[in-house]
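Residue 1 is where the sequence shown starts when you use UniProt numbering, and the numbers rise one by one after that. The structure under discussion appears below in the form of structure tokens.
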Amino acid sequence: KIVKFTENHVLIKGERAEYSIHLGSGLIHQKAGSAINVLPVHSQHRGRVFLPFIDDDPKTAEIMAKVILFAQDEKIKDVFILEQIK
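What follows is the structure, encoded as structure tokens:
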């Protein structure tokens, strides 16, 4: 399994690295401890995905988007993010 939920974090084993995302704040850290900054793009700026269980909760939507992104880290093309992972 590449994604595991604990009490306060989501632990992700990607192709490039291992990550921890805090479930309250959405902060991302590599297993080595360095923080990864990701600027969220709100749904009005991209195709909106309707998720009825989190539609009124933008923080949860942001965290789930990060989980999906880093679980498939081999597909990340954003240079800003890739520079932080190295």
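Backbone N, C-alpha and C fix where the C-beta goes; we use that ideal spot for every residue, glycine too. In this text the structure is predicted, and so the values were computed from the model without any measurement.
- As computed with DSSP, K13 is found in a beta bridge with E18.
- Taking 8 Å as the cut-off, the beta carbon of D78 is found no closer than this to the beta carbon of E15.
- C-alpha of G33 to C-alpha of K59: approximately 22 Å in a straight line.
- Residue pairing by DSSP places K4 opposite L11 in a beta bridge.
- Secondary structure of A35 (DSSP, three-state): strand.
- In this structure L39 is exposed. Its beta-carbon is surrounded by fewer than 16 other beta-carbon atoms within 10 angstroms.
- Within the DSSP secondary-structure output, I28 pairs in a beta bridge with I21 and I36.
- If you check the CB distance, A71 and I21 do not come in under 8 Å.
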